[in-house]
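Asks:
Number of protein chains: 2
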Amino acid sequence: MVYAAVLGYGTVGSGVVEILERNREIIKKRVGEEIKVKYVLDLRDFEGQPVQELIVHDFDLILKDDDVKIIAESMGGLNPAYSFVKKALESGKSVTTSNKELVAAYGAELIKTAKANGANFLFEASVGGGIPILRSLNQCLTADEITQISGILNGTTNYMLTKMTDEGLEYDDVLKQAQSMGYAEKDPTNDVEGYDSCRKTAILASIITGKRVDYEDIYTEGITNISKTDIEYAKKLGGKIKLLACAEKTDNGVWARVCPVITNKKNPLSTVDDVFNSVLVEGNMVDKVMFYGRGAGKLPTASAVVSDIIDEAKNLGSDITFGWQEDKLDILSIDDISVSKLIRVEYNDKAKAKDAVMRIFGDVAVTELEEDNGEFAFISPKQTERNVNKKINSLLNEDGISNVLGAIRAEN
Amino acid sequence: MVYAAVLGYGTVGSGVVEILERNREIIKKRVGEEIKVKYVLDLRDFEGQPVQELIVHDFDLILKDDDVKIIAESMGGLNPAYSFVKKALESGKSVTTSNKELVAAYGAELIKTAKANGANFLFEASVGGGIPILRSLNQCLTADEITQISGILNGTTNYMLTKMTDEGLEYDDVLKQAQSMGYAEKDPTNDVEGYDSCRKTAILASIITGKRVDYEDIYTEGITNISKTDIEYAKKLGGKIKLLACAEKTDNGVWARVCPVITNKKNPLSTVDDVFNSVLVEGNMVDKVMFYGRGAGKLPTASAVVSDIIDEAKNLGSDITFGWQEDKLDILSIDDISVSKLIRVEYNDKAKAKDAVMRIFGDVAVTELEEDNGEFAFISPKQTERNVNKKINSLLNEDGISNVLGAIRAEN
Numbered sequence: 001m002v003y004a005a006v007l008g009y010g011t012v013g014s015g016v017v018e019i020l021e022r023n024r025e026i027i028k029k030r031v032g033e034e035i036k037v038k039y040v041l042d043l044r045d046f047e048g049q050p051v052q053e054l055i056v057h058d059f060d061l062i063l064k065d066d067d068v069k070i071i072a073e074s075m076g077g078l079n080p081a082y083s084f085v086k087k088a089l090e091s092g093k094s095v096t097t098s099n100k101e102l103v104a105a106y107g108a109e110l111i112k113t114a115k116a117n118g119a120n121f122l123f124e125a126s127v128g129g130g131i132p133i134l135r136s137l138n139q140c141l142t143a144d145e146i147t148q149i150s151g152i153l154n155g156t157t158n159y160m161l162t163k164m165t166d167e168g169l170e171y172d173d174v175l176k177q178a179q180s181m182g183y184a185e186k187d188p189t190n191d192v193e194g195y196d197s198c199r200k201t202a203i204l205a206s207i208i209t210g211k212r213v214d215y216e217d218i219y220t221e222g223i224t225n226i227s228k229t230d231i232e233y234a235k236k237l238g239g240k241i242k243l244l245a246c247a248e249k250t251d252n253g254v255w256a257r258v259c260p261v262i263t264n265k266k267n268p269l270s271t272v273d274d275v276f277n278s279v280l281v282e283g284n285m286v287d288k289v290m291f292y293g294r295g296a297g298k299l300p301t302a303s304a305v306v307s308d309i310i311d312e313a314k315n316l317g318s319d320i321t322f323g324w325q326e327d328k329l330d331i332l333s334i335d336d337i338s339v340s341k342l343i344r345v346e347y348n349d350k351a352k353a354k355d356a357v358m359r360i361f362g363d364v365a366v367t368e369l370e371e372d373n374g375e376f377a378f379i380s381p382k383q384t385e386r387n388v389n390k391k392i393n394s395l396l397n398e399d400g401i402s403n404v405l406g407a408i409r410a411e412n
Numbered sequence: 413m414v415y416a417a418v419l420g421y422g423t424v425g426s427g428v429v430e431i432l433e434r435n436r437e438i439i440k441k442r443v444g445e446e447i448k449v450k451y452v453l454d455l456r457d458f459e460g461q462p463v464q465e466l467i468v469h470d471f472d473l474i475l476k477d478d479d480v481k482i483i484a485e486s487m488g489g490l491n492p493a494y495s496f497v498k499k500a501l502e503s504g505k506s507v508t509t510s511n512k513e514l515v516a517a518y519g520a521e522l523i524k525t526a527k528a529n530g531a532n533f534l535f536e537a538s539v540g541g542g543i544p545i546l547r548s549l550n551q552c553l554t555a556d557e558i559t560q561i562s563g564i565l566n567g568t569t570n571y572m573l574t575k576m577t578d579e580g581l582e583y584d585d586v587l588k589q590a591q592s593m594g595y596a597e598k599d600p601t602n603d604v605e606g607y608d609s610c611r612k613t614a615i616l617a618s619i620i621t622g623k624r625v626d627y628e629d630i631y632t633e634g635i636t637n638i639s640k641t642d643i644e645y646a647k648k649l650g651g652k653i654k655l656l657a658c659a660e661k662t663d664n665g666v667w668a669r670v671c672p673v674i675t676n677k678k679n680p681l682s683t684v685d686d687v688f689n690s691v692l693v694e695g696n697m698v699d700k701v702m703f704y705g706r707g708a709g710k711l712p713t714a715s716a717v718v719s720d721i722i723d724e725a726k727n728l729g730s731d732i733t734f735g736w737q738e739d740k741l742d743i744l745s746i747d748d749i750s751v752s753k754l755i756r757v758e759y760n761d762k763a764k765a766k767d768a769v770m771r772i773f774g775d776v777a778v779t780e781l782e783e784d785n786g787e788f789a790f791i792s793p794k795q796t797e798r799n800v801n802k803k804i805n806s807l808l809n810e811d812g813i814s815n816v817l818g819a820i821r822a823e824n
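Chain order of the listed sequences is A and B.
The numbers in our numbering rise by one with no breaks, and the one at position 177 of the first sequence is 177.
Offset between the second sequence (1-based) and our numbering: plus 412.
1. Scan the region 80-141 of chain A and note each continuous alpha helix (DSSP H) run of 4 residues or more that stays entirely inside, going in chain order.
2. Does any C-beta atom of chain B lie closer than 8 Å to the C-beta of A:Y292?
3. Counting contacts by CB-CB distance shorter than 8 Å, is B:K481 in contact with chain A?
4. Measuring alpha carbon to alpha carbon, tell me which of A:F322, A:E25, A:G8 and A:M285 ends up nearest A:K211.
5. Looking at B:I620 and B:G519, is the spacing between their C-beta atoms short of 8 Å?
6. Reducing DSSP to helix, strand and coil, say where A:K298 ends up.
7. Any C-beta of chain B sitting closer than 8 Å to the C-beta of A:C140?
8. Counting only Cβ pairs nearer than 8 Å, list the residues of chain A close to B:P544.
9. If you measure between the beta carbons of B:L692 and B:N566, is that distance less than 8 Å?
10. List the residues of chain B whose Cβ lies closer than 9 Å to the Cβ of A:M285, in chain order.
11. Are the CB atoms of A:C198 and A:I226 within a distance shorter than 8 Å?
12. Straight-line CA distance for B:F441 to A:G130?
13. What are the start and end residues of the beta strand (DSSP E) that includes B:G774?
14. Quick one: grab the DSSP three-state call for A:T250.
15. Would you say B:G439 reaches chain A, if we count a Cβ-Cβ gap shorter than 8 Å as a contact?
16. What are the start and end residues of the beta strand (DSSP E) that includes B:G563?
17. Report yes if the C-beta distance between B:D599 and B:T568 is below 8 Å; otherwise report no.
18. Using CA atoms only, rank isn't needed, just tell me which of A:M164, A:L237 and A:E47 is closest to A:I262.
19. On the CB-based measure, 16 or more other CB atoms within 10 Å of its CB, does A:D66 come out buried or exposed?
20. Give me the Cα-Cα distance between B:A714 and B:N550, rounded to the nearest whole angstrom.
21. Select from A:A234, A:R44, A:R257 and A:V2 the residue whose C-alpha is nearest the C-alpha of A:G222.
22. Looking only at DSSP bridge pairs, what is A:M290 linked to?
23. Work out the CA separation of B:S618 and B:D747 for me, nearest whole Å.
24. Are A:D230 and A:N158 closer than 8 Å when you measure CB to CB?
25. Per the DSSP calculation, A:N264 is bridged to which residue(s)?
26. Kindly confirm or deny that the region 714-731 of chain B and the region 430-445 of chain B touch, where touching means at least three C-beta pairs closer than 8 Å.
27. Along chain B, which residues have their Cβ under 7 Å away from the Cβ of A:E145?
28. Along the chain, where does the alpha helix (DSSP H) that runs through B:A596 open and close?
29. For a test of the three-state rule: what should DSSP assign to A:N348, helix, strand or coil?
30. Assuming A:A245 and A:V2 are in contact, meaning their beta carbons sit under 8 Å apart, how far apart are those beta carbons, in whole angstroms?
31. From the beta carbon of B:R442, is the nearest beta carbon of chain A less than 8 Å away?
32. Straight-line CA distance for A:E25 to B:T559?
33. Within 8 Å (strictly less), CB to CB, does A:T271 reach chain B?
34. Please state whether DSSP places B:Y627 in a helix, a strand or coil.
35. Using a 10 Å radius around the Cβ and a threshold of 16 neighbouring Cβ atoms, would you call B:S486 buried or exposed?
36. Run down chain B in chain order and give the residues with a C-beta less than 9 Å from the C-beta of A:P80.
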């Protein structure tokens, strides 16, 4: 019998308890021993529910119980999650967490603490929910140098962009819908501003580089400025707007970014709709491999946590923690990265405006929507962010142009 | 230093040698030791090429060299692959193979031989080429009972069906094109009749059930009868024809099948085009997870072989072989499985023909193509293969109907 404790009986925590119960026999067969939850830490008592008898309110009780070898942290947030996880690892208990905020902020330190104390620290559920992306990177695609990762890492925003695309709705209306369906929180900032994707990108970038990529360094732009008109242009160009997370190793260094991108049909990520998540991995030998599944939700996320618990139970005393070093990796400035952008030009003199665009950006193809809305758009040739932004600014001084809108990055 | 030998210096074998050379440093870091190819078994000499000095023509030389701990079999076919692999395992050497024919025919026996001799037998590359599907099933999705697997497991046929769909071409023309591009072999039987997919399905079905599923038992239908007109109907219905491999656990038993299916847009497999492969896995907790990538090609396939070599090098002396038992699993007859089919009806009296269809199949929606081609089609309501085939036969006796064509399975 291997004893475990679950910290936090919310969506994920209750899912972990449920899976360990419902799939007990298969899991026992895979581990060689039964895994039993001895404690569930929560502020609430859950009176009358079966979990009641496992509930404790004091973390020290768990910490001091030598029977407990594995702790699943699913409280979320940095405090007290960080101090609980740290103490658990220091006392030699293995930990798994679904908490991307914790992993993005303290991953390297906790990895080191685990290794120093004969414990393991795993966090499969912190990126991509039920998609086994971290384990695939570390245990499956081992013959390759991973050169690039891109993905749709946030289900809420993907659901919203899919709705905007399929139903021609405005951002605000879709947000309300997503909130009423429970896909978006009352305060949606974390999702819609890209902060959630940013933390997951930091974790992926750290894994493929082996060094600490700080999430604060990753250029992050959410979807709050995406309008119905942007979506219409994307459609007209045969693409879809997706909130893409990217990290790439280049000869000059590593760059990482979270922002809306007009993906084209050739990119398999463009087919990933609704609340689904997906990660496209590029290796120097295997070429492209994509992983797709539910990035959130009780049982899919808990499935990933339980797969960590199983690995830890099978490897008590041996080091299977993977991750990255504490030394920080300085990533490239977004200004130096080459991009194309969809640039929308509001004109008061169409001919003059087009003329200015051609003069500044070269011979680009102009796109107009069906209804005459006093603007046209074009995709800029690939060049550094710095250059394209400079040129966008100079457009504003041109005769015939009243405003320049949008500027969403676009795949070629 | 861990010494390996490669059997067969064809596409995959030469890729294995190339990856071990090009990614030597990363691989050394991951294993903790360098992996070195000591022998390459081939009938040819490769005079003047760097591989020449590794070439041997006699397998016994490899077998008797105690330095060689790992053998990568990439000769293909059953003989002499089977006897070489068997002998290698019996002498305690670990083996990895990309040979689905070998694994489908002798997998259970070779798994047992490996375990009995302290060796490992891995075969990641035998299904899905570079996609790490077997390892994901065994090492990643461990919290789940896998209930269903469906996939596009053959790149040649997927390329052909994609071309037929995108360019409105007939089967014969597309086959010629695929042959000229090297995607299809001169004798394409193995791919186009579904035999290749069938063997891969047997491997996947054996893994998710833990018992031996014989490939001979799996109902297999290729794409040779798919016509331009079938594709047009599929398009009109908003679907795509894909050669789908399926295996599912039900309360009554396990069924498995390889056949063309009209997939609908909600199925993520419908977005997998060209030579790409993809496997959709359904677990009882994680819901749907999809894996996508290159199912063939030198480096992607070799990448999977090398990931096996790495695992074997890291685990010399410990048992990491996963697979299935030798006892055979009797699968359900295809006749008992529920399906919908696209049924094309050639008529000499349209009204009478429609009337007969409604009488026999109930109130179904009829689809007609733009040009009047003397036929209409409909999707039958879901019922057993036995029933739907019986009804199709009875259609042939009806007034107004001159022929019944097609009958491709369709998703609801």
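Built from N, CA and C at the ideal position, the CB exists for glycine as well.
Replies: Let me lay it out:
1. List check, alpha helix (DSSP H) in window: 81-90 and 100-116.
2. For this step, residue 292 of chain A is matched to residue 292 along the first sequence. Chain B, which has a Cβ nearer than 8 Å to the Cβ of A:Y292, makes this yes.
3. Within the second sequence, residue 481 of chain B is the residue found at index 69, counting from 1. By this cut-off, B:K481 is not an interface position.
4. Numbered from 1 along the first sequence, position 211 holds the residue referred to as residue 211 of chain A. Nearest C-alpha to A:K211: A:F322.
5. Residue mapping note: residue 519 of chain B aligns to position 107 of the second sequence, counting from 1. Residue mapping note: residue 620 of chain B aligns to position 208 of the second sequence, counting from 1. By the CB criterion at 8 Å, B:G519 and B:I620 fall outside the cutoff.
6. Numbered from its first residue, the first sequence carries residue 298 of chain A at position 298. Reduced to three states, the DSSP call for A:K298 is helix.
7. To locate residue 140 of chain A, count along the first sequence from 1; it is residue 140. A:C140 counts as touching chain B.
8. For the purposes of this step, residue 544 of chain B is identified with residue 132 of the second sequence, where counting begins at 1. Result: S136, C140, L141 and V289.
9. As a working note, residue 692 of chain B is residue 280 in the second sequence. As a working note, residue 566 of chain B is residue 154 in the second sequence. Not closer than 8 Å, so no.
10. To locate residue 285 of chain A, count along the first sequence from 1; it is residue 285. Per Cβ cutoff of 9 Å: G427, E430, I431, R434, N435, G542, L711, P712, A714, S715 and V718.
11. Residue 226 of chain A sits at position 226 when you count from the first residue of the first sequence. Residue 198 of chain A sits at position 198 when you count from the first residue of the first sequence. Result no, Cβ atoms of A:I226 and A:C198 do not sit closer than 8 Å.
12. Counting from one through the second sequence, the residue named residue 441 of chain B turns up at place 29. Counting from one through the first sequence, the residue named residue 130 of chain A turns up at place 130. In the sequence under discussion, the amino acid at residue 441 of chain B is Lys, which differs from the Phe named in the question. Approximately 29 Å, taken between the alpha carbons.
13. Here the question's residue 774 of chain B lines up with position 362 in the second sequence. B:G774 -> no beta strand (DSSP E), and no H or E assigned at all.
14. Counting from one through the first sequence, the residue named residue 250 of chain A turns up at place 250. Strand at A:T250.
15. Indexing the second sequence from 1 puts residue 439 of chain B at position 27. The displayed chain sequence assigns Ile, not Gly, to residue 439 of chain B. Chain A contact via Cβ: present.
16. Your numbering for residue 563 of chain B matches position 151 in the second sequence. If you look at B:G563, you'll find it in the beta strand (DSSP E) that goes I558 to I564.
17. Residue 599 of chain B sits at position 187 when you count from the first residue of the second sequence. Residue 568 of chain B sits at position 156 when you count from the first residue of the second sequence. No, they are not a contact pair.
18. The residue labelled residue 262 of chain A in the question sits at position 262 within the first sequence. The residue with the shortest Cα to Cα distance from A:I262 is A:L237.
19. Along the first sequence, read from residue 1 onward, the residue named residue 66 of chain A stands at position 66. Counting Cβ neighbours within 10 Å, A:D66 comes out exposed, since fewer than 16 surround it.
20. Within the second sequence, residue 714 of chain B is the residue found at index 302, counting from 1. Within the second sequence, residue 550 of chain B is the residue found at index 138, counting from 1. CA-CA distance, B:A714 to B:N550, rounds to 20 Å.
21. Counted from its first residue, the first sequence places residue 222 of chain A at position 222. Distance from the Cα of A:G222 is smallest, within the candidate group A:A234, A:R44, A:R257 and A:V2, for A:R257.
22. The residue you call residue 290 of chain A lines up with position 290 of the first sequence. A:M290 is bridged to A:L280 and B:Y704.
23. Here residue 747 of chain B refers to the residue found at position 335 of the second sequence. Here residue 618 of chain B refers to the residue found at position 206 of the second sequence. Roughly 21 Å separates the two Cα atoms.
24. In the first sequence, residue 230 of chain A corresponds to position 230, counting from 1. In the first sequence, residue 158 of chain A corresponds to position 158, counting from 1. No, these two residues do not count as a Cβ contact at 8 Å.
25. Mapped onto the first sequence, residue 264 of chain A falls at position 264. Among the bridge pairs identified by DSSP, A:N264 is matched with A:G239.
26. yes
27. Here residue 145 of chain A is taken as the residue at index 145 of the first sequence, counted from 1. Neighbours of A:E145 on chain B, chain order: N435 and I438.
28. Counting from one through the second sequence, the residue named residue 596 of chain B turns up at place 184. Per DSSP, B:A596 belongs to no alpha helix (DSSP H) and is neither H nor E.
29. As a first step, residue 348 of chain A is located in the first sequence; it is residue number 348 there, counting from the start. Note: A:N348 maps to coil in three-state DSSP.
30. Against the first sequence, residue 245 of chain A aligns to sequence position 245. Against the first sequence, residue 2 of chain A aligns to sequence position 2. Rounded, the Cβ-Cβ distance is 35 Å, inconsistent with contact.
31. Position 30 of the second sequence, counted from the first residue, corresponds to residue 442 of chain B. Taking Cβ atoms only, chain A reaches closer than 8 Å to B:R442, which makes this a yes.
32. In the first sequence, residue 25 of chain A corresponds to position 25, counting from 1. In the second sequence, residue 559 of chain B corresponds to position 147, counting from 1. Straight-line Cα distance between these residues: approximately 15 Å.
33. Reading the first sequence from its first residue, position 271 is the one you call residue 271 of chain A. Between A:T271 and chain B, the shortest Cβ-Cβ separation is below 8 Å.
34. For the purposes of this step, residue 627 of chain B is taken as residue 215 along the second sequence, with counting starting at 1. In this structure, B:Y627 counts as helix in the three-state DSSP scheme.
35. For this step, residue 486 of chain B is matched to residue 74 along the second sequence. Answer is buried; the Cβ neighbour count reaches 16.
36. Within the first sequence, numbered from 1, the residue matching residue 80 of chain A stands at position 80. Per Cβ cutoff of 9 Å: no residues; A:P80 is ~26 Å from chain B at best.
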